[in-house]
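Q:
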């Protein structure tokens, strides 16, 4: 493959992410036959029928009609009617995808430094607010993130702000016991903003580095719940000025185009600074982040690749793109 | 729900109203429909098939030559949508005099545990004795969650310590206990799992084999994208799923998954979850859903809902009062409260043909629920006498009511004024036939969308002399002035 040498250059830096992503997406192989080489064969003429097939492959990744059309259009302009040179086509597709995914600013995080995507404060605690719709894996992602930060030598406080769903507080408490980090809880039904406030309070008093605030899952269309989220956001800022420093939106990789609506609604309320793409270990490819990046410019910061506590990795757009369009990762 | 796909489909179908329909224009329009479906996460192949079928039927000779090809084409789309999602069978095949075992399965976070609670509540309301089994040993505190849910719907839950048992054992023991306690239906809540995780899928298959559930229900998140079909297929291959329950349809999802799952796997959608509260589970009706997707409303469901929530005798009494013009604030409050039980105003509006589009416009105008609450508070602050005779409310009474409800006196005034307008209208409407009434409601909606204050407009009181022609009146005046001038000149 053409990009092989590029991989080797940065092989040691991306290996961790890469291996995991590869492992996670390997299962996909049998379900989705994504090997695009079936479509494009060297020496044949690239025609509309083949483009149509390719369009289907792209659409199946959930990246959305617009992004797909952009890529297909690019291919149409550059390659239709000519003999297929697989390497060239590949380069075109990947470059286009990468440029869509990177947006204006070329964001690149260091996979070896798990805290690099976060806007950490040198003085006082950093507050990370985590939000998302129901059942995307917020609580699990928080546990994974806390684990990552603790390994990096940071002290973490969790604020169990999901006071709505039955046993959500217990779920996070169990995680905090496993991780051995502090947790602030209040009885079910308490105003979540007060839990967030107490969490910030504890961290500021005890001099902890990071507060991660969990919130109840909410659908972006429920105005009242979104107002509640706004209150949490506001109250955090009252206790620690400038906070929350990070608002992460957790997104289920199986989510389709509704992800765009989620990102835009949540961003309106809490000004999302990044996405966590959870459950990427299924057969879904999470292509919707391309749409989100294209339409709103919110970058993906972490990806969840499994159920274990270590299965959270810093997002690397290059390997993500490779995994998205080809099996040959 | 489905607003997105509804809007997009409407846009795509707008070609129908532009000029003459030809084969070419239909084909072009259908490409847009295809895009709308894809944007709504309908599976690629399903969308393609759908378009092919609709196009083929639409360009048939008899459609284009018919009197109203537009209506015909919309009819075809409706028909095909219905076909795509149906037919459906809502029964859970509960066996009489025997224990029925239902097994829930699905991906993580699709809403299995909550749906278990909803099903249990529904069965209980149906005079069955449900029994829950917490077989999700994977997720921390999942057992606790089901226990709390069971408690709140009043259904026993079988739990075991996750450290010392296996899902299979929990299920077997749970079924045993349910039988011993004389339950009718056992619902097994299994752990969420990825369909590509062979080990966990094998575990499910084993439970299926050893426990032998009568129905296996797949819980599926309506927001899922193209992958929905893959997971549904995988679960169906492993377990022979009997039905699908779609969850989280209360969001703004376009629900393409709903359109695809049935088409690809042949497994019917039985129920849909439309809210977090445990009573938000509805039976799935493809025909009504097709209507809603095309923005045609769904009066049948609304009617059923109303029947469930409202007391028929009370309704009749209220109607009688309205006709006689004796409708008081007490009745008004009662009606308002039972309306609110049916769901939010926005929800209700979506069911009414022609009003669906207004729901969005309303959300920009603020929260109607809040206003309703305030109105409720204001009425609560009145004495019974005042509620029956709102005319008696003078300034001093008004101020007392306002301070009692914690609102501005002007709000009390506004309520009284609106109530007066409404009572008049009700009286007028009670004299109309059904069709006229429908038209009146739609007119009202239309005028309300043009009027930011949202009042019901009263017909202006005209003088008895009949309508005045402004121009003619002006001319008359002019002429009179001229005549007067002339006569003044003559007299000089």
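Chains as they are written, first to last, in this note's numbering: chain A, 28 to 356; chain B, 4 to 495. Ideal placement from N, C-alpha and C gives every residue a C-beta, glycine not left out.
In terms of alpha-carbon separation, which member of 137(B), 158(B), 151(B) lies closest to residue 165(B)?
A: Translated into the one-based positions of the second chain, residue 165(B) becomes position 162. When only C-alpha atoms are compared, the closest one is 137(B).
Q: In the structure shown, what three-state DSSP assignment does residue 347(A) receive?
A: Sequence index remark: in the first chain, residue 347(A) carries index 320 (1-based). DSSP places residue 347(A) in helix when its eight states are reduced to three.
Q: Pick out whichever of 246(B), 259(B), 277(B), 284(B) has its Cα sitting closest to the Cα of residue 269(B).
A: As a first step, residue 269(B) is located in the second chain; it is residue number 266 there, counting from the start. Nearest of 246(B), 259(B), 277(B), 284(B) to residue 269(B), Cα basis: 246(B).
Q: If we count the other Cβ atoms within 10 Å of its Cβ and call it buried at 16 or more, is residue 94(B) buried or exposed?
A: Here residue 94(B) refers to the residue found at position 91 when the second chain is read from its first residue. With fewer than 16 other Cβ atoms within 10 Å, it is exposed.
Q: Residues of chain D with a CB under 7 Å from the CB of residue 384(B): which are they?
A: Note that chain D does not occur in the displayed structure, where the protein chains are A and B.
Q: Please return the same chain residues whose Cβ sits closer than 7 Å to the Cβ of residue 58(B), not counting the five positions on each side in sequence.
A: Position 55 of the second chain, counting from 1, holds the residue named residue 58(B). Hits under 7 Å: 29, 30, 33.
Q: Does DSSP put residue 174(B) in a helix, a strand or coil?
A: Here residue 174(B) refers to the residue found at position 171 when the second chain is read from its first residue. Correct three-state label for residue 174(B): helix.
Q: Please determine, among 419(B), 494(B), 373(B), the residue with the shortest C-alpha to C-alpha distance to residue 395(B).
A: Counting from 1 along the second chain, the entry for residue 395(B) is found at position 392. For residue 395(B), the nearest C-alpha among the options comes from 419(B).
Q: For residue 133(B) and chain A, any beta-carbon pair shorter than 8 Å?
A: In the second chain, the residue the question calls residue 133(B) occupies position 130. No - not a single Cβ of chain A is within 8 Å of the one on residue 133(B).
Q: Can you confirm whether the segment 378 to 393 of chain B touches the segment 320 to 335 of chain B when touching is taken to mean that 3 or more C-beta pairs between the two stretches lie within less than 8 Å?
A: As far as the Cβ criterion goes, the segment 320 to 335 of chain B touches the segment 378 to 393 of chain B, which means the pair count is three or higher.
Q: Using 8 Å as the limit for Cβ to Cβ distance, is residue 124(A) near chain B?
A: Taking the first chain and counting its residues from 1, one reaches residue 124(A) at position 97. Closer than 8 Å: no.
Q: For residue 184(A), does the three-state DSSP call read helix, strand or coil?
A: By 1-based counting over the first chain, the position of residue 184(A) is 157. In this structure, residue 184(A) counts as strand in the three-state DSSP scheme.
Q: Looking only at C-alpha atoms, which of 219(B), 82(B), 213(B) sits nearest to residue 273(B)?
A: Taking the first residue of the second chain as position 1, residue 273(B) is located at position 270. Checking every option, the nearest Cα to that of residue 273(B) belongs to 219(B).
Q: Name the chain A residues whose beta carbon is nearer than 7 Å to that of residue 127(B)?
A: Sequence index remark: in the second chain, residue 127(B) carries index 124 (1-based). The contacting residues do not exist; residue 127(B) stays about 18 Å from chain A at best.
Q: Examine chain A for any beta-carbon lying closer than 8 Å to the beta-carbon of residue 341(B), and answer yes or no.
A: For the purposes of this step, residue 341(B) is identified with residue 338 of the second chain, where counting begins at 1. Answer no: the Cβ-Cβ gap between residue 341(B) and chain A never drops below 8 Å.
Q: Quick one, are the C-beta atoms of residue 331(A) and residue 306(A) less than 8 Å apart?
A: As a working mapping, residue 331(A) is identified with position 304 in the first chain. As a working mapping, residue 306(A) is identified with position 279 in the first chain. Yes.
Q: Within its chain, find whatever has a CB closer than 6 Å to the CB of residue 479(B); leave out the 5 residues flanking it on each side and keep chain order.
A: In the second chain, counting from the first residue as 1, residue 479(B) sits at position 476. So no residue of the chain qualifies.
Q: So the alpha helix (DSSP H) residue 119(B) belongs to, where does it begin and stop?
A: Residue numbering aside, residue 119(B) sits at position 116 when the second chain is read from its first letter. Segment 115 to 128, the alpha helix (DSSP H) holding residue 119(B).
Q: Using CA coordinates, which residue listed in 108(A), 236(A), 66(A), 253(A) is at the minimum distance from residue 146(A)?
A: Here residue 146(A) refers to the residue found at position 119 of the first chain. Nearest C-alpha to residue 146(A): 236(A).
Q: If the cut-off is 8 Å on Cβ atoms, which residues from the segment 227 to 250 of chain A count as contacting chain B, listed in chain order?
A: Hits within the stretch, in order: 246, 247, 248, 249, 250.
Q: Please decide whether residue 15(B) counts as near chain A, where near means a Cβ-Cβ distance under 8 Å.
A: Within the second chain, residue 15(B) is the residue found at index 12, counting from 1. Not closer than 8 Å to any Cβ of chain A, the Cβ of residue 15(B) fails to qualify, so no.
Q: Under 8 Å between C-beta atoms, does residue 144(B) make it to chain A?
A: Locating residue 144(B) in the second chain gives position 141, where the first residue counts as 1. Chain A, which has a Cβ nearer than 8 Å to the Cβ of residue 144(B), makes this yes.
Q: Measure how close the beta-carbons of residue 56(B) and residue 85(B) come, nearest whole angstrom, since I'm counting them as under 8 Å.
A: Position 53 of the second chain, counted from the start, is the residue given in the question as residue 56(B). Position 82 of the second chain, counted from the start, is the residue given in the question as residue 85(B). 13 Å between Cβ atoms; not a contact.
Q: From the DSSP output, in three-state form, read off residue 481(B) for me.
A: By one-based count along the second chain, residue 481(B) stands at place 478. Here residue 481(B) carries a helix assignment [DSSP, helix/strand/coil].
Q: Between which two residues does the beta strand (DSSP E) holding residue 339(A) run?
A: Counting from one through the first chain, the residue named residue 339(A) turns up at place 312. First-last of the beta strand (DSSP E) with residue 339(A): 339 to 341.
Q: Below 8 Å between beta carbons is the criterion; list the residues of the segment 82 to 101 of chain A that meet it against any residue of chain B, in chain order.
A: Listed in sequence order: 83, 86, 87, 88, 89, 91, 92.
Q: Quick check on the DSSP output: the alpha helix (DSSP H) that includes residue 225(A) runs from which residue to which?
A: Residue numbering aside, residue 225(A) sits at position 198 when the first chain is read from its first letter. Element bounds for residue 225(A): 219 to 233.
Q: Below 8 Å between beta carbons: does that hold for residue 251(B) and residue 276(B)?
A: Here residue 251(B) refers to the residue found at position 248 when the second chain is read from its first residue. Here residue 276(B) refers to the residue found at position 273 when the second chain is read from its first residue. In this structure, residue 276(B) lies closer than 8 Å to residue 251(B) by Cβ.
Q: Determine the direct distance from the alpha carbon of residue 100(B) to that of residue 279(B), and round the result to whole angstroms.
A: By 1-based counting over the second chain, the position of residue 279(B) is 276. By 1-based counting over the second chain, the position of residue 100(B) is 97. Cα-Cα distance, rounded: 32 Å.
Q: Just tell me which of 74(B), 428(B), 143(B), 150(B) has its CA closest to the CA of residue 195(B).
A: The residue labelled residue 195(B) in the question sits at position 192 within the second chain. When each option's Cα is compared against that of residue 195(B), the closest is 143(B).
Q: Any C-beta of chain B within less than 9 Å: which residues of the segment 189 to 214 of chain A qualify?
A: Against chain B - using a Cβ distance shorter than 9 Å - the residues of the segment 189 to 214 of chain A are 191, 192, 193, 194, 195, 196, 197, 198, 199, 200, 201, 202, 205.
Q: So, does the CB of residue 308(A) fall closer than 8 Å to a CB anywhere in chain B?
A: Position 281 of the first chain, counted from the first residue, corresponds to residue 308(A). Chain B, which has a Cβ nearer than 8 Å to the Cβ of residue 308(A), makes this yes.
Q: Anything in chain A within Cβ reach of residue 148(B), meaning under 9 Å, just list it in chain order.
A: Sequence index remark: in the second chain, residue 148(B) carries index 145 (1-based). Chain A residues near residue 148(B): 192, 193, 194, 195, 197, 198.
Q: Hey, residue 248(A) and residue 217(A): beta-carbon distance below 8 Å or not?
A: By one-based count along the first chain, residue 248(A) stands at place 221. By one-based count along the first chain, residue 217(A) stands at place 190. Cβ atoms of residue 248(A) and residue 217(A): not closer than 8 Å.
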